[in-house]
Amino acid sequence: MEILKQGNELAQNGREIYSLCLGQPSTPAPTPVLEAAHQALEDEQLGYTDSNGIRALRERIAKHYQDEYDTSVNPDNIVITTGSSAAFTAIFLAAFEAGERVAMTRPGYAAYRNTLKALGYEVVDIDTGPDTRWQPSVEQLEELKKQGKSPAGLLLASPSNPTGTILEPEMLKAIAKWCDENECLLISDEIYHGISFGPECTSVVQFSDQNIAVGSFSKYYSMTGWRLGWAVVPTELVRPVELLLGNLNLSAPTLSQFAAIAAFDTESVAELDEHVKRYAENRRIVLEGLRLISTPLLAPADGAFYCYADVSHLCEDSAQWAAELLEATGVAVTPGIDFAPNSKPGDGLDPVLDGKKFVRISFAGSTEEVTTGMDLLVDFVRS
Ligand SMILES: Cc1ncc(COP(=O)(O)O)c(C=O)c1O
């Protein structure tokens, strides 16, 4: 956020900013969604909906699980939320008692940590590195158990933010099995599904109806500001989550709910897959730029629109480096400290994995912006 603020200040003073830091598509919602939104404005009253969302959208999402993952999901187990962000809050509150341990990866999405802490849970960091492609392993969960720190829940993201890596189906299955055997609720953040550069995206609902899968219209579906997400939850959690959503948000945005049904249309998917092709080209440009400054990725991004790059040969502190890069070139990247905080020296984080050594580069923007941004970044390093 500090980098964004600095970037906004520079932009106000007339500087051109190349954003390689934003985690959102630079494209509008697919055409059928826009058309459906216009139609809903004409036809619908657009008041509050049921707290768990309109039935038609829940049924359409259930069909998506059948088509995409060959898995039958009951629409009654789907809740529609205000972005996936609202799903996480409601799930945490419904599933865990205050003070319980919830494990997440470091590096990991900062809002998980902040939300969990704000709600009074103990965050247990699972430090991941290139050896497991920045994803947690069963061995690490076993180690936590041995230390008497078995978590009540495990939160993982595949494709991951900030690293873009995807868990192999067998590894995800093994983690799901471990969670099942150890009374640990598995919450799988699947909001980047659909944006893959090869590997398959597996959903945890393929393994058991006791796992939670969280989805969103913000990333692949290019509907970030429409604030719409969903979760597939075990039957016993449906009612508590629904009640919490009703109290916290009343209901998710109604216009977005009606429009989002069309996000799964063939025409929408064709449009969205073109964006994924652009992300693939942007990714190629970022990887080439990183090669030129001798920063090969430790584990290349398989999906999402991020690369997590080690810049420790260029600086002591990537936050400082990102600020200097922005000031000198107008290129904004995100310091790794956002994802892998190491605020207390000696807190157990392997110094090799310290966020201070990394930056996250987003390639969600236009190919033009990513090309210019990377050219400027390479020139900055070489000058
Ligand atoms: C890993 C991850 N999870 C969840 C979110 C929240 O997204 P939204 O609330 O827009 O669905 C983000 C946003 O960037 C994210 O990167």
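For this note's numbering, add 394 to where a residue sits in the sequence shown, where the first one is 1.
All C-beta atoms in this analysis are idealised placements derived from N, C-alpha and C, irrespective of residue type, glycine included.
Endpoints, beta strand (DSSP E) assigned at residue i
i	result
residue 498	495-500
residue 522	No beta strand (DSSP E) contains residue 522, which DSSP labels as neither H nor E.
residue 701	700-704
residue 548	547-551
residue 579	579-583
residue 467	Run containing residue 467: none; DSSP gives neither H nor E here.
residue 625	623-626
residue 475	472-475
residue 633	Counting along the chain, residue 633 falls outside any beta strand (DSSP E), though it belongs to the alpha helix (DSSP H) covering 629-642.
residue 397	Per DSSP, residue 397 belongs to no beta strand (DSSP E); it is in the alpha helix (DSSP H), 396-406.
residue 756	752-756
Counted within 10 angstroms of its Cβ, other Cβ atoms place residue i as buried (16 or more) or exposed
i	result
residue 432	exposed
residue 529	buried
residue 759	buried
residue 586	buried
residue 556	buried
residue 618	buried
residue 542	exposed
residue 466	exposed
residue 763	buried
residue 442	exposed
residue 725	buried
residue 413	buried
residue 532	exposed
residue 722	exposed
residue 393	Outside the displayed span of the chain (395 to 777) sits residue 393, for which this structure offers no information.
residue 483	buried
residue 553	buried
residue 471	buried
residue 597	buried
residue 629	exposed
residue 437	exposed
residue 409	exposed
residue 710	exposed
Distance cut-off 6 Å: residue i Cβ against heavy atoms of ligand 1
i	result
residue 585	yes
residue 544	no
residue 551	yes
residue 590	no
residue 612	yes
residue 555	yes
residue 582	no
residue 700	no
residue 609	no
residue 420	no
residue 503	yes
residue 514	no
residue 441	no
residue 477	yes
residue 619	no
residue 417	yes
residue 623	yes
Residue i beta carbon near ligand 2 (any heavy atom closer than 6 Å)
i	result
residue 645	Of the ligands one can find in the structure shown, namely ligand 1, none is ligand 2.
Element boundaries [alpha helix (DSSP H), containing residue i]
i	result
residue 532	532-540
residue 685	660-686
residue 774	761-776
residue 449	449-463
residue 612	Where residue 612 is concerned, there is no enclosing alpha helix (DSSP H), given that its DSSP letter is neither H nor E.
residue 511	504-512
residue 563	563-575
residue 596	Run containing residue 596: none; DSSP gives neither H nor E here.
residue 648	648-654
Residue-chain proximity (residue i, chain D), Cβ-Cβ < 7 Å
i	result
residue 680	Absent here is chain D; the protein component of the structure consists of one chain.
* **Validate contact between the region 712-725 and the region 573-585 using beta carbons, cut 8 Å, 3 pairs** => Proximity of the region 712-725 to the region 573-585 falls short of the contact definition, fewer than three beta-carbon pairs being nearer than 8 Å.
* To do: Would you be able to state if there are at least three C-beta pairs under 8 Å between the region 434-448 and the region 634-654?
  => yes
* Contact between the region 600-612 and the region 474-489 (3+ Cβ pairs under 8 Å) -> The way I'd put it, the region 600-612 does touch the region 474-489; three or more beta-carbon pairs between them come closer than 8 Å.
* Asked: When the Cβ atoms of the region 557-569 are set against those of the region 689-700, are three or more pairs found closer than 8 Å?
  -> Touching, yes.
* Asked: So, do the region 662-682 and the region 409-427 have three or more beta carbon pairs nearer to each other than 8 Å?
  -> yes
* Asked: Should the region 454-471 be regarded as contacting the region 669-677, the criterion being three or more beta carbon pairs within less than 8 Å?
  -> no
* Asked: Contact between the region 487-502 and the region 655-664: three or more CB pairs below 8 Å?
  -> By the Cβ test, the region 487-502 is not in contact with the region 655-664, since fewer than three Cβ pairs between them sit closer than 8 Å.
* Between the region 486-495 and the region 506-520, do three or more beta carbon pairs fall short of 8 Å? -> yes
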